[in-house]
DNA sequence: TTGAAAGCGCTAACAA
DNA sequence: TTGTTAGCGCTTTCAA
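Chains as they are written, first to last, in the working numbering: chain V, 1 to 324; chain P, 1001 to 1324.
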């Protein structure tokens, strides 16, 4: 029995002949080791945990990009040969995440849509359960986070507009205090500075990443004394909202105003004109999440790499054109 | 030890005092039973399995509505107090689904995006592992499927158009042989018949549920000798494509042509005009999936309810108007 | 109503 | 290199 166990787990002390024979018979029998028994004795399962905040789903709100990343995560987990357990998050007590993970002898978790200040996250970090967050800065000996390089992405959007000859460029930023949102705004500011362009009063408007806020923020931009000829919008959904505001004002995209979004959600290719946008790759993000978690679970700490920031790619479509 | 077990599992043979005391101490200690140990001895875990085909994700294709239902499923699982394990589906052998489930002592699975003819599904049904499919007809003693009432939904779309005074109504159907798609077409045909309206030659065009096919199918409809004044499109993404074709032809929605979609994906509210559509409720669908699976796992067979068809709701927005 | 003991299917320490 | 034994944390007979 233990020989079989050793053979199946690729231990060195089994003779090649025996190993071969074990594998042979195991496959004939269609034998699969029982994951529960294994997790019980090893005190660690081969399943990764996903902690996914879905309050917004219950409220009827959609976060299409987050869903894309979750799909990417699923694919990446498949490739790694592990499984993914979506842990229940409803009993939102202070250490409910940790408990749920321990209950299932889960060795590491991915956090999606969770603010870094969430009380449940604290317990995770203190107990040093390997944890990787998406778009959420995490501080802990066995914690990291994965994000797109929001700053560089935003700067690349500005660069694109500058190359098209635009000089009066505005932005619709996300809410203040949210990491990815702040980074995109910083990238915008840096991009403008690098191009030697001034940021006019009122050229920075904030939204909340949802459609309506994009429309409203764009309206404020259009009301500016010196109307911008190009706008970087920090999220595609708001960018679509901006498109609406522009059309309502009787202006045309990209003839009168160019618009660049961020994310590359499906809708970016459904609207007309199709949105030029800074694309985040959900599949690559999923893969990075799994890689980081697995490495965190494998070795001890590796303090110098808290963040893994993936590069974005500017996808030029129909919503940007040379400055008139 | 056994008394504690009994108390925690609400067994009748424990005295109220003891039970109370056990609960008290357990909560003080923050005790949570180990799920692996439990699954091992019970030979059944409290975790539901999700088998989710993601080949399309790897191909870069999106199925926004399916993602919405998965989010709804997650919420419903939370409410039920169980957890959800996403099983790896990459080793696509004939009984890989079954093995993955057994390996994790999972008592029942939900199938998403899997064709009913998939070899892995056969094994599931033969072994009578409780299985619930979404939009996939399943035949088995312990299998059921959940779907929206596609037929009634399509008919309600036709009814809406008829009430607006339309008589020349066409449709962009989904691919033939796909259950939901066939049902929607049947609903369209029945709706027309109930209204006493003829279906003109060429008034039924097929697409593949993706954007481009909607545009192409709509073009064919526009080329008809007697151009329809209203069109029922069996999926929102194709409906958006149809909107494009109509605009390209220099016509306006809803002035010249009314369009009704199906699903109510996010994009339906992002395009202009916003899409009138037959809404499927992803949260309700998720809840039904969990309910059915749990009931299948609880009792023996209940042969008369193979299907659970949820009603849809017509959401009237800007893409439909009275016939000119 | 409670407790003692066996065992779920594995892995790991120890002996052979 | 292989086999024997104990034990992971529970549930469930069986006895008291």
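From the three backbone atoms N, C-alpha and C, an ideal C-beta is built for every residue, glycine too.
Start and end residues, beta strand (DSSP E) containing residue i
i, result
"residue 1148(P)", "1143–1148"
"residue 232(V)", "230–233"
"residue 246(V)", "Run containing residue 246(V): none in the beta strand (DSSP E); it sits in the alpha helix (DSSP H), 236–248."
"residue 1258(P)", "1258–1263"
"residue 205(V)", "204–206"
"residue 1041(P)", "Here residue 1041(P) belongs to no beta strand (DSSP E); instead the alpha helix (DSSP H) covers 1035–1042."
"residue 134(V)", "131–134"
"residue 1321(P)", "Residue 1321(P) -> no beta strand (DSSP E), and no H or E assigned at all."
"residue 373(V)", "Because residue 373(V) is not part of the residues shown, which for chain V are 1 to 324, the question remains open."
Status (buried if at least 16 other CB within 10 Å, exposed otherwise) for residue i
i, result
"residue 1247(P)", "exposed"
"residue 251(V)", "exposed"
"residue 311(V)", "exposed"
"residue 171(V)", "buried"
"residue 196(V)", "exposed"
"residue 1013(P)", "exposed"
"residue 150(V)", "buried"
"residue 1154(P)", "buried"
"residue 1057(P)", "buried"
"residue 1207(P)", "buried"
"residue 1226(P)", "exposed"
"residue 1024(P)", "exposed"
"residue 1176(P)", "exposed"
"residue 1059(P)", "exposed"
"residue 18(V)", "exposed"
"residue 1298(P)", "exposed"
"residue 141(V)", "exposed"
Whole-number beta carbon distance between residue j and residue i, since they are thought to touch under 8 Å
i, j, result
"residue 1162(P)", "residue 1146(P)", "Residue 1162(P) to residue 1146(P), Cβ: 29 Å. No contact."
"residue 109(V)", "residue 50(V)", "7 Å"
"residue 278(V)", "residue 257(V)", "With 8 Å as the limit, residue 278(V) and residue 257(V) do not qualify as a contact, their Cβ atoms being about 18 Å apart."
"residue 114(V)", "residue 53(V)", "5 Å"
"residue 1173(P)", "residue 1254(P)", "Rounded, the Cβ-Cβ distance is 21 Å, inconsistent with contact."
"residue 293(V)", "residue 48(V)", "6 Å"
"residue 1075(P)", "residue 1289(P)", "Going by Cβ atoms, the distance from residue 1075(P) to residue 1289(P) rounds to 11 Å, so no, they are not a contact pair."
"residue 1233(P)", "residue 1259(P)", "6 Å"
"residue 104(V)", "residue 1083(P)", "7 Å"
"residue 261(V)", "residue 235(V)", "7 Å"
"residue 1274(P)", "residue 1319(P)", "7 Å"
"residue 1214(P)", "residue 1249(P)", "No, residue 1214(P) and residue 1249(P) are not in contact; Cβ-Cβ is about 14 Å, not under 8 Å."
beta-carbon residue i near the ligand SAM non-hydrogen atom, thresh 7 Å
i, result
"residue 1098(P)", "This structure lacks the ligand SAM; in fact it carries no ligand of any kind."
Residues sharing a beta bridge with residue i, DSSP
i, result
"residue 1297(P)", "Bridge partners of residue 1297(P): none, in fact."
"residue 1112(P)", "1052(P)"
"residue 1279(P)", "1263(P) and 1313(P)"
"residue 408(V)", "In the structure as shown, chain V starts at 1 and stops at 324, and residue 408(V) therefore has no counterpart that could be examined."
"residue 307(V)", "145(V)"
"residue 1172(P)", "1205(P) and 1233(P)"
"residue 1047(P)", "1083(P)"
Extent of the continuous alpha helix (DSSP H) run through residue i
i, result
"residue 62(V)", "No alpha helix (DSSP H) holds residue 62(V); DSSP gives it neither H nor E."
"residue 7(V)", "2–8"
"residue 1166(P)", "Run containing residue 1166(P): none; DSSP gives neither H nor E here."
"residue 1186(P)", "1179–1194"
"residue 24(V)", "16–29"
"residue 220(V)", "211–222"
"residue 96(V)", "96–103"
> When you check each C-beta in the region 198–221 of chain V against every C-beta of chain P, which residues fall closer than 7 Å?
Replying inline: 211
> Closer than 9 Å, Cβ to any Cβ of chain P: which residues of the region 240–255 of chain V, in chain order?
Replying inline: 240, 241, 243, 244 and 247
> According to a CB-to-CB cut-off of less than 8 Å, which residues of the region 1073–1087 of chain P neighbour chain V?
Replying inline: 1074, 1075, 1077, 1078, 1079, 1081, 1082, 1083, 1084, 1085, 1086 and 1087
> Relative to chain P, which residues along the region 155–170 of chain V have a C-beta separation below 7 Å, given in chain order?
Replying inline: none
>> Short of 7 Å Cβ to Cβ, which residues in the region 1094–1123 of chain P face chain V?
In response: 1099, 1102, 1103, 1104 and 1105
>> If the cut-off is 9 Å on Cβ atoms, which residues from the region 1178–1194 of chain P count as contacting chain V, listed in chain order?
In response: none
> When you check each C-beta in the region 26–38 of chain V against every C-beta of chain P, which residues fall closer than 9 Å?
Replying inline: 30, 32, 33, 34, 35, 36, 37 and 38
> Listed from N- to C-terminal order along the chain, which residues in the region 1002–1022 of chain P have their beta-carbon within a distance smaller than 7 Å of any beta-carbon of chain V?
Replying inline: none
> Using a beta-carbon distance cut-off of less than 7 Å, what residues from the region 54–66 of chain V approach chain P?
Replying inline: 54, 57, 58, 62 and 64
> When you check each C-beta in the region 1260–1276 of chain P against every C-beta of chain V, which residues fall closer than 9 Å?
Replying inline: 1265, 1266, 1267, 1269, 1270, 1271 and 1272
> Given a limit of 9 Å on CB to CB distance, which residues of the region 123–152 of chain V reach chain P?
Replying inline: none
> What residues in the region 1306–1321 of chain P bring their beta carbon closer than 9 Å to a beta carbon of chain V?
Replying inline: none
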